[in-house]
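Everything below concerns the one structure shown next.
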Amino acid sequence: MTHHRSRPATILVAILSLLIAGIGLGSAASKARADASAPPPVLPALQQWSAGSGSGYSWTGGGRIVVNTADASALTADAQTFANDLALDLNTATPQIVQGTLANASPGDVFLSLGSTNPQLGAEGYALTVAPVLQVSATAETGAFWGTRTILQMLRQNLNLPAGTAVDSPKYKVRSMLVDNGARTFPVHFWENEIRELSYLKLNELMVYISGLGLTNAQLQQLSAFAAAYHVNLVGQVNVPGHMDTARENIPAQYELNDPNSTTGGKIAGALDLTNPSAVAWAQQLVSQYIDQFSTPIWHMGGDEYATACQKMDPNSTLLPQLTNYAKSQFGPDGTIQDVYRTFANQMDTLVKQHSKTMRMWNDDLFPTSSVTLNPDITVEYWLRAFNYNSSCDIVFSTPAQIAANGNQLINASAGSLYYNEGNQGMGTAASIWEQFHPGTFDGGLTLPGGDNDSHLAGIKMSVWNSGNYDIGQLERDLKDRQRALAQKAWGSTELYSTYAAMGPVVDAVGRAPGFLDTPAAGDPGYGGTLSSSQAIMFDNAEHTFTVQPDGSVEHAWYSYTTQGAYAHEIVAPAGSAAPGSLPTAFASPGQMHVYIRGTNGHLLHWVTGSVSGSWGADDWTASAQASGSQYTDIAGNPEGFVYNGIGGVQQQIFARGSDGTLHHWVYSVTNNKVSAGANWGGRLTGNPSPVIWGEVQAVFARGTDGHLRMWWWQTSDPDYVHQQEWGGPQLASDASPLALAGAVDGVGNPTNDIDLHVYARDTAGHLQHWVFDPQVGGSPTVEDLTAASGFSIAGDPSGFTYIGQQHVYFGDAATGHLDHVWTKAGVAPAWQDVSTSTPGGVVNLVGNSFADNVNNAEQHAFGFDSAGHVHNWFWVQSTDSLHQDTWQP
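All residue numbers for the sequence shown refer to this note's numbering, where the first residue is 20 and numbers rise by one.
Written out as structure tokens, the structure is:
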């Protein structure tokens, strides 16, 4: 699967949905770069930039990635990841990867090598030389890879970079984020998004509760490989010895610690009985089950909040007699619970080292008094200074300085600065991290002797904690700014601006990571499914169809479910309005019904009414857009669109192929009563596009000029850019136009788990192919051959809709001329039906393409011309589970 993103240079007047809201797209990059001798800004900021003289670098369409021959085995895989991402950034074919020396590289190429001898770079640093050949030099693969992330961010903003040299390396080796998945399962797509995003920002760790992911071993290994390709350490944790009931650890009751306050032999939920050798052996076996599923050389033991908050590890506690008595039996009369706990931690560390990994643990079960020394090779994540919730609960833990004095490395995971409880927008904000947090200042204001520069300070970590059934799509958006502030603090370079608010233009210019596709969230314009435009729609409890007549007029036919009278007809557009061969499309917006057509003058024409029929107003969207100074206003194919009620208010959006073969886009804003058409979404397509709203993403599918299915998308979290992605699979027929469907129209069931994205199209063999992107599974879209399954070959293009969680597709049968119907549902084998044969009243053949409509989730209607030139209507009624047909329009 290949990806492309439209360049800002082609959309400086750009994304219409923002323009009409008063937001200019070119502003972010231009404001961010005020000094022509400086490169475009990046996040995190460069440690050092020295302006040069002479020619800088310019990307050209033929630019290659040249991997130094001597480093090919180390860098080729990273070069491929870079090439894929670069293609997305620059809206170009994936650059060629070749081996050679710098002397073999040509202007416009990018040269990657491990030839640097600069000792300050370390394992993650790189030098970037901006010259006609853009050069990345590092001492290790990860450093070179971080250099490619910098190039992506720069070229995203400007294809021409000024001459100079950057030397860049992180101050801290650990730049981490935890997302609490212990109580629910996240879509794999969420994890892939986060891995891409962390890597783009040079954050190098993502910690998860591996037992809570709900994935097979094969899936865990695939996710690990995905993270490794982006140089993100996927750190697994099975929490021991506490919280063993929260992430599918499923601790047996006989291995839980006794509750001293119970008079009935109760247990402390999730607390491992450290006095029971069988319980300890069970926990070690559980860790061994998961520890090698991730390739990362790090493992997290957990180790927090063991037993109960105020009874657990206090060295003076007499409230846990089972542990206290065991400690004295093992360590003498002065033995403490802390001795038992540290012994267990050291045992776990030994197990982790046997798997060639290093161990992490939380700090809040470490106290300064113990006869057992914690292994100094354990890295301690310091999140909390003390439990002091009330006067009867005041327990103080070992300080960072005390832990460091033992030789342990520390990670600052301060609960006061770097915790975000989902939905609590005031916690761990980007502004507070950017403006107030210091990596060397731990919870409670504690510090290490060397402050931010202490040799025992390994890095920083943000923790995101589950606060209930919080919306995963919203969480993804909540993290965006927090991650950018975290990345800057963790890299340790000088901030470009003193406040995060001032960073706004840079944040927009840098944007999301290549390939990031926003996960749908509740309340999105397309959440639960939406209906895109069609020749058949519902409005005001009436079903409406629109067809072009031989004289170029547009006829409107309708049936009212309120009055239940006869079918009615009227002419909306007069003779000569519609271009030969063009098809109308329609949708309903609040209180209005809209019809669009390609006019004989090559303009996009529009009619609108506020009633079931009559009172049609007309306007020329091409002329209106031209009058406001918009570009890309012509139309060469059929229009398709939707109503988008998101950023900028209610908008009517239309997409079509322009005469230049690129995807053109018109928007009418209810807010400012204006039509704009200033955004060319780029790319090359044939036939007609199929737009759909997926969450808050505006997605458009079409056949590319190379014959492959292509997706364009714009998302509110990355407002400066339109992205493109090739979906792979078989080639489409040269005259094919796809059908895209998303979600469940009425949200029946659980829409969070019903957010698949579906595309149907005819391939070169006359087969109906079905692409599915399932966020739960992640990865690339899958493709199934519905003709191979059903035996139905397809003539023309499909039509369809989503109906209560099912996708229903109608098309003409290439062999019989009948109307065929195929329906699909996630996790269920596809079903199919010859509608013409199955419907009582005789067989009626379909001539040309069908068009279809979901009637209030109660009826399914398909329309098309019969051999006599009449519009025929086949329909299924759910209440009687019966098929019917009649002549809809004579």
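All residues carry an ideal CB built from backbone N, CA and C; glycine is no exception.
The Cβ-Cβ distance between Arg501 and Tyr438 does not fall below 8 Å.
Leaving aside the five residues that flank Leu174 on each side, the residues in its chain whose CB is nearer than 7 Å to its CB run, in chain order, Trp78, Asp108, Leu109.
Here Lys190 is not bridged, per DSSP, to any residue.
Taking C-alpha positions only, Ala752 is separated from Leu704 by approximately 13 Å.
In this chain, the alpha helix (DSSP H) harbouring Val854 covers 854–857. The beta carbon of Ser230 is closer than 7 Å to those of Val257, Ala266, Arg267, Glu268, Tyr309 in its chain, skipping five residues each way along the sequence.
Within the same chain, Cβ atoms closer than 6 Å to the Cβ of Tyr76 are found at Val149, Leu153, Leu180, the five residues on either side in sequence being excluded. Nearest Cα to Val689 within the set Gly667, Thr681, Ala675: Gly667. DSSP, read as helix, strand or coil, puts His208 in helix.
Our two residues, Trp626 and Tyr829, have alpha carbons roughly 27 Å apart in a direct line. DSSP, read as helix, strand or coil, puts Asp500 in helix. Every unbroken stretch of the beta strand (DSSP E) spanning 3 or more residues and falling wholly within the segment 758–823 is given here in chain order: 758–761, 776–781, 787–792, 801–804, 813–822.
Distance check between Gly706 and each of Val415, His475, Val719 places Val719 closest, using alpha-carbon atoms only.
In this structure, Asp816 and Leu758 form a Cβ contact; the two beta carbons are roughly 7 Å apart against a cut-off of 8 Å.
For Tyr829, the enclosing beta strand (DSSP E) covers residues 825–832. Going by DSSP, Gly162 is part of the alpha helix (DSSP H) stretching over 160–176.
In the DSSP assignment, Val890 falls within the beta strand (DSSP E) that extends over 890–896. Excluding five sequence positions before and after Tyr274, the CB atoms of its chain that fall closer than 8 Å to its own CB belong to Leu291, Asp292, Asn295, Ser297, Ala298, Trp301, Ala302, given in chain order. Of all C-beta pairs linking the segment 505–522 to the segment 53–68, three or more are shorter than 8 Å, placing the two stretches in contact. Counting other Cβ atoms within 10 Å of its Cβ, His374 stays below 16 and is therefore classed as exposed. Here Ala346 has Gly354, Thr355, Ile356, Asp358, Val359 as same chain residues with Cβ atoms under 6 Å from its own Cβ, once five neighbours each way along the sequence are excluded. The beta strand (DSSP E) runs lying completely inside the segment 442–503 and spanning 3 residues or more are 476–484, given in chain order. About 19 Å separates the Cβ atoms of Asp905 and Ile556, ruling out a contact at the 8 Å cut-off. Cβ-Cβ distances below 8 Å link Ala833 to Gly785, Ser812, Ile813, Ala814 in the same chain, with the five nearest sequence neighbours on each side left out; the list follows chain order. In this structure the segment 509–519 lies against the segment 181–190, because at least three pairs of beta carbons, one per stretch, are closer than 8 Å. Looking at the backbone, the Cα of Ser608 and that of Val874 are separated by about 16 Å. Residues Val207 of the same chain have their beta carbon placed closer than 7 Å to that of Val796, with the five preceding and five following residues left out of the count.
According to DSSP, residue pairing for Phe406 in a beta bridge involves Ile414.
Of the other Cβ atoms in all chains shown, 16 or more fall within 10 Å of the Cβ of Asp653; this residue is therefore buried. In the assembly as shown, Ser709 is a buried residue. Its beta-carbon has 16 or more other beta-carbons within 10 Å. For the pair Pro738 and Tyr663, the CB atoms are not nearer than the 8 Å cut-off.
If you compare the alpha carbons of Gln826, Gly798, Trp907 with that of Phe245, the shortest gap goes to Gly798. With respect to the C-alpha of Asp383, the residue from Gln366, Asp396, Leu403, Asn394 having the closest C-alpha is Leu403. A residue is called buried when at least 16 other Cβ atoms come within 10 angstroms of its Cβ; Thr582 does not meet this threshold and is exposed.
Per the C-alpha coordinates, the member of Gly747, Ser436, Asp782, Met481 positioned closest to Met226 is Met481.
When only Cα atoms are considered, Met522 and Tyr516 end up about 6 Å apart.
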